[in-house]
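Structure first, then comments.
Residue numbers (the numbering used here): 12 to 175.
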């Protein structure tokens with residue numbers, strides 16, 4: 012719950028930072044920016060394509076969608092384990108971009124229910140049950156003593172008969 016709240020807070024901060032950056036760049040236009048031709052420096056071009064094009068998270072998600080849907084760590088195919096073609100670091104980077112954009116990330120494995128770790132000593136937890144069981148046995152004690160005395164007497168009689 013806290014993790015989702017933290018993610019939402021980070022996404023909100025990122026959105027506001029992006030909005031302010033865009034509004035600042037839109038208000039400050041130089042005379043070169045108002046011309047019809049785009050201003051691209053020669054150092055950033057390699058055969059007409061910028062050297063460092065940043066793919067958007069949507070493009071990355073579309074490209075790796077089949078790989079992401081196969082699982083987090085890998086998958087079994089024809090009896091052999093196949094690791095993902097996408098590294099965990101790249102997967103985490105794409106996940107982070109998607110979450111910062113405020114979108115859902117459906118490719119995480121389902122979370123298991125948290126087990127509550129028991130506190131205290133076992134003897135403290137079981138003592139009430141032991142006392143209840145002892146009380147039941149004490150109610151049966153007179154019958155148990157009579158049975159014990161009867162068995163001892165029968166054993167003694169058998170030994171005396173064997174002597175004679």
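Beta carbons: idealized from backbone N, C-alpha and C, even for Gly.
Terminal residues of the continuous alpha helix (DSSP H) containing residue i?
{"i": "residue 93", "result": "Premise fails: residue 93 lies in the beta strand (DSSP E), 91-94, not in any alpha helix (DSSP H)."}
{"i": "residue 164", "result": "133-174"}
{"i": "residue 70", "result": "68-74"}
{"i": "residue 108", "result": "99-111"}
What distance in whole Å lies between the Cβ atoms of residue j and residue i, which are believed to be in contact at a cut-off of 8 angstroms?
{"i": "residue 75", "j": "residue 105", "result": "7 angstroms"}
{"i": "residue 108", "j": "residue 96", "result": "At roughly 19 angstroms, the Cβ-Cβ gap does not stay under 8 angstroms, so residue 108 and residue 96 are not in contact."}
Thinking C-alpha only, which one of the options is nearest residue i?
{"i": "residue 103", "options": "72, 148, 19, 139", "result": "72"}
{"i": "residue 134", "options": "142, 164, 128", "result": "142"}
{"i": "residue 100", "options": "129, 145, 83", "result": "83"}
{"i": "residue 112", "options": "69, 162, 171", "result": "69"}
{"i": "residue 19", "options": "169, 140, 114", "result": "114"}
Using a Cβ-based criterion (distance less than 6 angstroms to any ligand heavy atom), does residue i qualify as near the ligand COA?
{"i": "residue 115", "result": "Within the structure as shown, the ligand COA is missing, as the structure has no ligands at all."}
Hey, quick one: how far does the beta strand (DSSP E) through residue i stretch, first residue to last?
{"i": "residue 88", "result": "85-88"}
What does a CB cutoff of less than 8 angstroms around residue i pick up in its chain, not counting 5 residues either side in sequence?
{"i": "residue 116", "result": "106, 109, 110"}
{"i": "residue 136", "result": "129"}
{"i": "residue 147", "result": "none"}
{"i": "residue 94", "result": "84, 85"}
{"i": "residue 162", "result": "none"}
Within its chain, find whatever has a CB closer than 7 angstroms to the CB of residue i; leave out the 5 residues flanking it on each side and keep chain order.
{"i": "residue 80", "result": "118"}
{"i": "residue 131", "result": "none"}
Could you tell me whether the segment 156-166 touches the segment 116-124, using the rule of 3 or more Cβ pairs below 8 angstroms? With the cut-off at 8 angstroms, the segment 156-166 and the segment 116-124 do not touch.
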